[in-house]
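K.L.:
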Amino acid sequence: MSPEGVGKDRVPHCGQNIEKGHNYEYLSLSELQPASCLILIAKVVVRGLLRSGKGEDMLLVRRCMWLWYDWRAAAIADDEGTILDDEQWDGFLDQRSVVARLECIAAGGLTPEARTLLERFPDALPRVHGESDLPQADWPLPSQKAQQAVDQAAIAMATLGVAQAAGDPDRRLEHLMRASDEMRSTFITMEARLVEWVGLFLPEARFGADRSALGKTVSEAESLEHLSKTLDVSMPPVGPGKSEWKSLKEWGQSVSVFRGQLDRLENAIRNLSEQHLPSLSALLGPLLAARLCVEAHGRMRLARLPAGTLQVLGAEKAFFNHLKTGAPPPKHGHIFMHPWISRSPRWVRGKISRTVAAKASIAAKIDAFEGEPWGEQEMRELEQKVEDIRQAHSSPPSRRG
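Here is the structure:
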């Protein structure tokens, strides 16, 4: 619907002359209190400052116009809710077209109907259907047929969104990392139980570095005597019965299976992290890079975090304890797992953490915005900076007081 030729009952739009009766008002500045001016400016659009014949300053104002729109229609209304103009889509209600319009609105765009009205009324304030600051008005809502079409399109969009989420590397990394954490917790508990159980019968056994292979060793042993020979310890005077040995052996098999599953999970994390976070994986290692990405709830959000936040990511409890009780703030979070930090002297860990976090923040941005991945040169430069910090602070600082 075009406002051309509708007479003086319509608000003037671009190209029309200002006339009386078009919702324009002349207000005397001398009669307005400061508080009234604030309310006035919030509700009207100032069109100009005039001087009357009596030498008095006058404001030429026009009341606000609102551009309301949804997926199929748009309308112009004043602040009293009077509909001044509208446009409606008369296209075919097929699912593809409706989905395209819904996606346009979800992305913050304007529909063709809304753009048409905005060209006619450039001062109108665009608001999508449902926003709280829209005035009460008789908006052109969809018919029952159109509502059914948009309901079906919304279901199709939700189904597609769920399907696309399965391919989101951030979500995949999150599930892999959570599964790895749960598997590791279970494995550590079961392995500790196996060590104590075997140590009960073979107290002379010393596992040390071979502790990770204990599950496989127990599961492959035919008897306790066979196990004692494998571990090179003497046979105890009293051993387990057949059923007890069977239970011990099955427990060792479970530990061995869990170990294999944990290794496969970590390999999957490494592969996905090196693809999704190549620069950060090269800098911190794929497992630590994946953990930081999961902790930040996605690669893009990780890239937007400042270096200081990335540095203490994972130390939220210590940070809030610092805010609550005044305890010393944390110097590092998950980033402490990097050997450059964990194997450095205590008094330089904070400085190295800041340096590594600053570089990690840059690497995360490179990955998020698909820049050129870092290589060996960047790693050597950072390693040299870390070594310079260690040499510059080779001795612990003297304690004060």
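In the working numbering, the protein residues as written are -3 to 397.
Even for Gly, the Cβ is constructed at its ideal location relative to N, Cα and C.
I'd like to know if the region 202 to 211 and the region 300 to 311 are in contact, where contact means that at least 3 CB-CB pairs between them fall below 8 Å.
P.N.:
No, the region 202 to 211 does not touch the region 300 to 311.
K.L.:
Leu169 to Leu378, Cα distance in whole Å?
P.N.:
Rounded to whole angstroms, Leu169 to Leu378 spans 26 Å at the Cα level.
K.L.:
Can the beta-carbon of Ala150 be found closer than 8 Å to that of Met61?
P.N.:
Going by C-beta atoms, Ala150 is not nearer than 8 Å to Met61.
K.L.:
Taking 6 Å as the limit between beta carbons, can you name the residues of its chain near Lys354, skipping five residues before and five after?
P.N.:
It is Ala, not Lys, that sits at residue 354 in the sequence shown. Once the five neighbours on either side are set aside, the close Cβ partners of Ala354 are Ala303.
K.L.:
Can you list, in chain order, the residues of its chain with a C-beta nearer than 7 Å to that of Phe315? Leave out the 5 residues immediately preceding and following it.
P.N.:
For Phe315, where only same-chain residues beyond five positions count, the Cβ hits under 7 Å are Val308, Pro325 and Pro326.
K.L.:
Does the Cβ of Leu284 have 16 or more other Cβ atoms within 10 Å, making it buried, or fewer, making it exposed?
P.N.:
Under this definition Leu284 is a buried residue.
K.L.:
For the beta strand (DSSP E) holding Ile79, just list the boundary residues, first then last.
P.N.:
Ile79 to Gln84 is the span of the beta strand (DSSP E), which, as asked, contains Ile79.
K.L.:
Closer than 8 Å by C-beta to Gln160: which residues in its own chain qualify, once you throw out the five before and the five after it? Chain order, please.
P.N.:
Correct list: empty, nothing qualifies.
K.L.:
Who does Met179 pair with in a DSSP beta bridge?
P.N.:
BP columns for Met179 are empty, so no partner.
K.L.:
Under the rule that 16 or more other beta-carbon atoms within 10 Å means buried, what is Glu383, buried or exposed?
P.N.:
Classification for Glu383: exposed.
K.L.:
Under a three-way DSSP split, which group does Pro108 fall into?
P.N.:
Pro108: helix per DSSP, three-state reduction.
K.L.:
Would you kindly check if the distance between the Cβ of Leu196 and the Cβ of Leu210 is under 8 Å?
P.N.:
Cβ atoms of Leu210 and Leu196: not closer than 8 Å.
K.L.:
Give me the DSSP bridge partner(s) of Pro122.
P.N.:
DSSP output for Pro122 lists Leu63 as bridge partner(s).
K.L.:
Restricting to Cα atoms, I'd like to know which of Pro136, Arg92, Ile184 and Pro131 is closest to Ala145.
P.N.:
Comparing Cα positions, the closest option is Arg92.
K.L.:
On a CA-only basis, which of Ala71, Trp135 and Asp66 is nearest Ala103? Give me that one, please.
P.N.:
The option with the nearest alpha carbon to Ala103 is Asp66.
K.L.:
Judging by CA-CA distance, which residue of Pro165, Lys242, Ser394 and Arg111 is the nearest neighbour of Arg266?
P.N.:
Closest option to Arg266, Cα to Cα, is Pro165.
K.L.:
What did DSSP end up calling Thr226 once you bin it into helix, strand or coil?
P.N.:
Three-state DSSP puts Thr226 in a helix.
K.L.:
What's the gap between the Cα of Ser349 and the Cα of Gly163?
P.N.:
Taking the straight line joining both Cα atoms gives about 33 Å.
K.L.:
Identify every run of the beta strand (DSSP E) within the region 127 to 176, keeping only runs that are complete inside it and at least 3 residues long; order them along the chain.
P.N.:
Runs found: none.
K.L.:
Apply the 10 Å Cβ neighbour rule to Asp147 and answer buried if 16 or more other Cβ atoms are within range, or exposed otherwise.
P.N.:
Burial call: exposed.
K.L.:
Determine contact between the region 100 to 115 and the region 132 to 145, defined as no fewer than three beta-carbon pairs at a distance below 8 Å.
P.N.:
No, they do not touch.
K.L.:
Does any residue of chain C bring its CB to less than 8 Å from the CB of Leu121?
P.N.:
No chain C is present in this structure, which holds just one protein chain.
K.L.:
Going by DSSP in three states, Asp74 sits in which element: helix, strand or coil?
P.N.:
Residue state, collapsed to three classes: strand.
K.L.:
Leaving out the 5 sequence neighbours to the left and right, which residues in its chain are closer than 7 Å to Arg386 when beta-carbon positions are compared?
P.N.:
Here the set comprises Ser340 and Val344.
K.L.:
Could you compute how far the alpha carbon of Met173 sits from the alpha carbon of Glu218?
P.N.:
For Met173 and Glu218, the distance between alpha carbons rounds to 36 Å.
K.L.:
If you count every other CB in all the chains shown that lies within 10 Å of the CB of His222, and 16 or more means buried, which is it?
P.N.:
That one is exposed.
K.L.:
Grouping DSSP H, G and I as helix and E and B as strand, with all else coil, what is Pro392?
P.N.:
Three-state result, Pro392: coil.
K.L.:
Measure the C-alpha to C-alpha separation of Gly105 and Arg297 and round it to an integer number of angstroms.
P.N.:
Whole-angstrom Cα-Cα distance: 23 Å.
K.L.:
Take Glu109 and list the residues in its own chain whose beta-carbon comes closer than 7 Å to its own, dropping the five residues that flank it on each side.
P.N.:
Only Tyr65, Ala69, Ala70, Glu83, Gln84 and Trp85 meet the Cβ criterion.
K.L.:
Excluding the 5 residues preceding and the 5 following Gln271 in the sequence, name in chain order all residues of the same chain whose CB lies nearer than 8 Å to its CB.
P.N.:
Correct list, in chain order: Pro165.
K.L.:
What's the C-alpha gap between Ser357 and Thr213?
P.N.:
Whole-angstrom Cα-Cα distance: 44 Å.
K.L.:
Alpha carbon to alpha carbon, how far is Arg97 from Gly398? Give it in angstroms, no decimals.
P.N.:
The shown model of the chain, from -3 to 397, leaves out residue 398, and the question about it has no answer.
K.L.:
Under a three-way DSSP split, which group does Ala311 fall into?
P.N.:
The answer is coil: DSSP assigns Ala311 none of H, G, I, E or B.
K.L.:
So if DSSP puts Ala292 in a beta bridge, which residue, or which two residues, is it bridged to?
P.N.:
DSSP output for Ala292 lists no bridge partner at all.
K.L.:
Short of 8 Å in beta carbon distance, which residues of its chain neighbour Ala142, apart from the five on each side in sequence? Order them along the chain.
P.N.:
If we look at Ala142 and ignore the five residues flanking it on each side, its Cβ neighbours are Arg68 and Leu89.
K.L.:
Tell whether a beta-carbon distance below 8 Å holds between Arg295 and Leu261.
P.N.:
Against a cut-off of 8 Å, the Cβ pair of Leu261 and Arg295 comes out as no contact.
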